[in-house]
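Trainee:
Numbering (our numbering), first residue to last: 15 to 413.
(1) Identify which residue in 218, 45, 15 and 32 has its Cα closest to the Cα of residue 375.
(2) Select from 195, 37 and 349 the residue whose C-alpha is nearest the C-alpha of residue 135.
(3) Indicate the three-state DSSP secondary structure (helix, strand or coil) for residue 219 in the structure shown.
(4) If you drop the 5 nearest sequence neighbours on each side, which residues of the same chain put their C-beta closer than 6 angstroms to that of residue 130?
(5) Specify whether the stretch 215 to 227 and the stretch 364 to 382 touch according to this definition: at least 3 beta carbon pairs, one from each stretch, less than 8 angstroms apart.
(6) Measuring alpha carbon to alpha carbon, tell me which residue in 100, 321, 408 and 41 is nearest residue 164.
(7) On the DSSP bridge list, what partners appear for residue 333?
(8) Cα separation between residue 142 and residue 189?
(9) Output needed for residue 16: all residues of its chain with C-beta closer than 8 angstroms, excluding positions within five of it in sequence on either side, in chain order.
(10) Taking the alpha-carbon positions, what's the residue 337 to residue 32 distance?
(11) Exposed or buried, what is residue 101 when buried is set at 16 or more other beta-carbons lying within 10 Å of its beta-carbon?
(12) Ignoring anything shorter than 4 residues or poking outside the stretch 42 to 100, list the alpha helix (DSSP H) runs there in chain order.
(13) Which two residues bound the contiguous beta strand (DSSP E) that contains residue 127?
(14) Between the beta-carbon of residue 289 and the beta-carbon of residue 315, is there less than 8 angstroms?
(15) Of the residues 392, 406, 408 and 18, which one's Cα is nearest the Cα of residue 206?
(16) Just curious, the beta strand (DSSP E) that residue 149 is in, first and last residue?
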């Protein structure tokens, strides 16, 4: 039986090894993207909190931001942090995902926060081998190659784990350590066998969750397996419209089904209507009473999102009257549809953010090991082939 798994392990690894090395290595780089970005631009992510100073009210921040930004930009949300040394983040209708860092004590603009172009290129390499699809949800050659390679990685890891199973206690002891004093061949063999064993579980988690972004059929099956609605699970692959997320998600919770044209019309009408930012002051006061422990509070024109102190992206949502600011409904994270929670779970378990900095370190190391496994495997295979050829030539010469 092991001979069959050895063939599967070898003949899948040979053609897919280089792609898997690229995917794992680029994934390792992306693990600490947030930390590296913050370290490169500390002035955008840290502020000096004056002694005995209180942050400005959201309406005051909105006024001061408006005085420093051009009239062509329309403020649509403010993200307020519970930490005294973190800035406020402002989002505008015209800037997409780019956010503006603002000092919450003075209202002065620090600058635009944006991930370095290097990480954007690495992400394209990791997901699509630099061949992104024309739009989200569509196919491309690079996306297909990464998906097939990741599916092959699952079979490679499972077959490798079966081949790793030792026959004796002495063999088990040898396969749990890397020997550095018994020659180069033994060292690379142990790096492939022992380090591969230690990284297998995390690599399987990364591969199995990453496949939800590669294949629609797999995503549907994965969501259905964990109790999510397959139809809604598939919908995540299509491009989200640049609209107010609160109104969209509240309609999804109430079961309404609007067409894209109706949705765009409602959003345009909401953004065109004048908005009194003083409403955010009333909303923030009510939310801090209901939610005493939080990480950030994001205020939009129709909804407030309260992110808890958790690495699993647990967010409570509150709708409010855009004229009076009175809270209408608070939906706790535990009350949201399972398919919405599953999407966050898959992302957290794929990137290693579910356990904070320690799981990110483990994921980083596992991804590095995953990138090295094809290389050490190629070396062992080449050495074995060379040895067989030399043996064959010696036998021929004796004849």
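Quick reminder that beta carbons are idealized off the backbone N, C-alpha and C, glycines included.
Mentor: Reading off the structure:
(1) In the chain shown, the residue the question calls residue 375 occupies position 361. Cα-wise, what sits closest to residue 375 is 45.
(2) Locating residue 135 in the chain shown gives position 121, counting from the first residue. Of the listed residues, the one whose Cα sits closest to residue 135 is 37.
(3) Here residue 219 corresponds to residue number 205 of the chain shown, with the count starting at 1. Three-state result, residue 219: helix.
(4) As a working mapping, residue 130 is identified with position 116 in the chain shown. For residue 130, there are no CB contacts under 6 angstroms within the same chain when 5 residues up- and downstream are skipped.
(5) The answer is yes - the stretch 364 to 382 touches the stretch 215 to 227, with three or more Cβ pairs under 8 angstroms.
(6) Taking the first residue of the chain shown as 1, we reach residue 164 at position 150. Closest by alpha carbon: 41.
(7) The residue labelled residue 333 in the question sits at position 319 within the chain shown. Secondary-structure assignment with DSSP links residue 333 through a beta bridge to 317 and 343.
(8) The residue you call residue 142 lines up with position 128 of the chain shown. The residue you call residue 189 lines up with position 175 of the chain shown. Taken atom to atom, the span from the alpha-carbon of residue 142 to that of residue 189 is near 35 angstroms.
(9) Walking along the chain shown from the start, residue 16 turns up at place 2. In chain order, 176 and 177 place their CB closer than 8 angstroms to the CB of residue 16, counting only its own chain and leaving out the 5 sequence neighbours on each side.
(10) Counting from 1 along the chain shown, the entry for residue 337 is found at position 323. Counting from 1 along the chain shown, the entry for residue 32 is found at position 18. Rounded to whole angstroms, residue 337 to residue 32 spans 58 angstroms at the Cα level.
(11) Along the chain shown, read from residue 1 onward, the residue named residue 101 stands at position 87. Answer is buried; the Cβ neighbour count reaches 16.
(12) DSSP runs (the alpha helix (DSSP H)) wholly in the stretch 42 to 100: 47 to 54, 56 to 59 and 72 to 82.
(13) The sequence position of residue 127 within the chain shown is 113, counting from 1. Its beta strand (DSSP E) spans residues 123 to 127.
(14) For the purposes of this step, residue 289 is taken as the residue at position 275 of the chain shown. For the purposes of this step, residue 315 is taken as the residue at position 301 of the chain shown. Taking 8 angstroms as the Cβ cut-off, residue 289 and residue 315 qualify as a contacting pair.
(15) For the purposes of this step, residue 206 is identified with residue 192 of the chain shown, where counting begins at 1. Closest in alpha carbon position to residue 206, among 392, 406, 408 and 18, is 392.
(16) In the chain shown, residue 149 corresponds to position 135, counting from 1. Annotation: residue 149 is outside any beta strand (DSSP E) and is labelled neither H nor E by DSSP.
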